[in-house]
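Top line first, the protein sequences correspond to chains G and W. Oh and the first sequence: position 2 is 2 in UniProt numbering, straight run, nothing missing. Oh and the second sequence: position 207 is 207 in UniProt numbering, straight run, nothing missing. Even for Gly, the Cβ is constructed at its ideal location relative to N, Cα and C. As the structure is a prediction and not an experimental result, all values here were calculated from the model.
Number of protein chains: 2
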Amino acid sequence: MARTGRPREFDRDKALDAAMALFWAQGYEPTSLSQLKACMGNISPASFYAAFGSKEALFREIVQRYLETYGQVMAPLWDETLSPREAIEQTLRGSARMQTGHAHPTGCLIVLGASNCSPENHSVQYLLAAERARTRSGISACVNRAIAQGALADTPLTETLPAVFTAFLHGMACEARDGGSAEKLEAAIESLMRLWDSQSMVLSGSGHGGG
Amino acid sequence: MARTGRPREFDRDKALDAAMALFWAQGYEPTSLSQLKACMGNISPASFYAAFGSKEALFREIVQRYLETYGQVMAPLWDETLSPREAIEQTLRGSARMQTGHAHPTGCLIVLGASNCSPENHSVQYLLAAERARTRSGISACVNRAIAQGALADTPLTETLPAVFTAFLHGMACEARDGGSAEKLEAAIESLMRLWDSQSMVLSGSGHGGG
DNA sequence: GAATTTCTGGACTGAGTATTATGGAAGTTC
DNA sequence: GAACTTCCATAATACTCAGTCCAGAAATTC
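Written as structure tokens, this is what we have:
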């Protein structure tokens with residue numbers, strides 16, 4: 001049962017992808033309606049508002065789309081079939097590769113998408129901050145799970161691991177934006193994970209560094 | 001020999017401080033001339049342009065001012081009277097405390113000040129990117145110095161340390177902006193430095209963790 | 001006090017902002 | 001083909017943007 005009336009002439013999905021690239025590269029506020037309409041195939045204001053509602057509504061839809069596609073590199077955090085260590089390492093590595101990808105803007109839309117905002121757009125800023133908070137809790141949950149399983153020692157140091165991984169993860173957005181390569185970031189991740197291993201109570205496999 | 005003519009009525013330094021707070025909190029583009037003039041004491045456009053030249057010139061002056069004041073937390077990186085390890089730890093700790101301070105906006109102006117930019121302001125973006133590159137090279141220099149001194153092993157892992165510390169440092173801007181406390185960040189730094197110690201060839205003091 | 005210099009208030013550019021209104025064309029369903 | 005629904009192009013909304021200009025006022029130096 002197709003809808004009656006004249007169908008829209010442009011491809012809504014392709015328009016969304018083009019708009020995502022623009023928001024991703026420039027952020028929410030500096031991206032103007034003119035740019036958006038242009039990159040969507042020179043659609044008219046009327047078509048834009050009919051299809052997407054408003055600039056903010058479009059951005060919210062695009063954030064959702066981003067989370068369901070590129071953002072899936074964070075999925076391991078909530079995959080309890082993985083060991084907590086695997087979950088975190090896979091997330092970091094996947095994020096590093098995604099953010100340095102060459103088929104789209106570098107960096108992370110959730111970290112960089114609304115970092116510069118005037119007061120009237122705090123709601124957009126909050127949208128992304130809430131998603132970052134969700135990531136933080138996911139990382140914390142992994143560490144807590146590891147401690148509960150006895151895989152990780154319950155020490156003052158292990159309690160700091162969530163903050164270490166989170167700051168590093170969010171910092172990768174800056175490094176990727178500044179041109180850092182996936183290889184460089186992945187090598188850093190490999191080193192960072194030894195901090196976990198040094199507190200690991202499951203001593204199977206590689207040891208823990210040494211002087 | 002004071003300059004002749006009518007002196008300006010507002011305090012230029014105080015105006016700069018107020019403008020810095022605004023740019024720091026909102027970033028370059030979303031901060032409008034109206035907001036700037038208002039926070040500088042409702043000065044007129046004429047006074048503004050006479051005193052500061054343009055919005056971009058003001059921003060550049062403020063970045064310079066920031067580097068000479070708050071940005072001095074990075075100074076240990078180039079202080080060769082410090083051991084490389086001390087230099088990096090002091091920089092990270094100082095940065096954590098500064099960015100979470102309550103007397104000014106949270107986060108880091110150099111990381112967050114122009115992260116969202118339209119194409120016409122790439123020069124401003126570049127200004128901050130260059131400063132971040134300087135930081136990266138400072139961190140790398142510290143690690144290289146430690147290796148040259150024989151204080152740090154020359155291994156594949158130690159070669160990744162600059163990327164680890166840099167990503168973490170830049171990530172702190174996001175964490176501070178999202179409300180992370182100095183205590184939390186400093187605890188994370190303390191843990192992160194054990195990565196250094198695990199590769200340290202100077203085994204005086206604390207050992208290197210382990211389960 | 002006179003001459004000079006610089007600042008300030010306010011009106012004003014021209015361009016760009018997101019968004020809305022109008023009128024007619026195009027395509028759909030029955 | 002008729003009725004209907006939806007889309008699109010154009011124009012225009014009210015507003016903000018960074019930046020300019022001018023006339024007059026204020027403070028300086030001589």
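Cβ-based burial, residue i [other Cβ within 10 Å; buried from 16]
i      : result
W:G180 : buried
W:L33  : exposed
W:G101 : exposed
W:D197 : buried
W:E80  : exposed
G:R12  : exposed
W:Q64  : exposed
W:P105 : buried
W:Q125 : buried
Cutoff 8 angstroms: residue i Cβ touching any chain G Cβ
i      : result
W:P30  : yes
W:N144 : no
W:V164 : yes
W:D154 : no
W:C174 : yes
W:G94  : no
W:A148 : no
W:K55  : no
W:M1   : Confidence is the limiting factor: at W:M1 the pLDDT is only 43, short of 50, which leaves the residue's position unreliable and the question unanswerable from this model.
Distance CB(residue i)-CB(residue j) smaller than 8 angstroms
i      : j      : result
W:L92  : W:L169 : yes
G:A51  : G:R6   : no
G:K37  : G:P45  : yes
G:A87  : G:I189 : no
W:L152 : W:S83  : no
G:Q90  : G:P76  : yes
W:L127 : W:R60  : yes
Min CB distance residue i to chain W below 8 angstroms
i                      : result
G:F168                 : yes
G:S115                 : yes
G:R132                 : yes
G:T160                 : yes
G:A103                 : no
residue 239 of chain G : Only positions 1 to 211 of chain G appear in this structure, which leaves residue 239 of chain G out of reach.
G:A50                  : no
G:K14                  : no
Cβ-Cβ separation, residue j to residue i (assumed contact under 8 angstroms), whole Å
i      : j      : result
W:G27  : G:S115 : 7 angstroms
W:V111 : G:L192 : About 20 angstroms separates the two Cβ atoms, so there is no contact after all.
W:F10  : W:I62  : Not really, about 16 angstroms apart at Cβ, beyond 8 angstroms.
G:G53  : G:A15  : That pair is no contact at about 13 angstroms.
G:L195 : W:L157 : With 8 angstroms as the limit, G:L195 and W:L157 do not qualify as a contact, their Cβ atoms being about 11 angstroms apart.
Closest residue to residue i among the options (Cα-Cα distance)
i      : options                        : result
W:G171 : G:D197, G:R194, G:A182, G:G107 : G:G107
W:R134 : G:D178, G:A75, G:E183, G:T69   : G:D178
G:L109 : G:A176, G:G53, G:L82           : G:A176
W:W78  : W:A18, W:A167, W:C142, W:P156  : W:C142
W:W24  : W:Y66, W:E56, W:A15            : W:Y66
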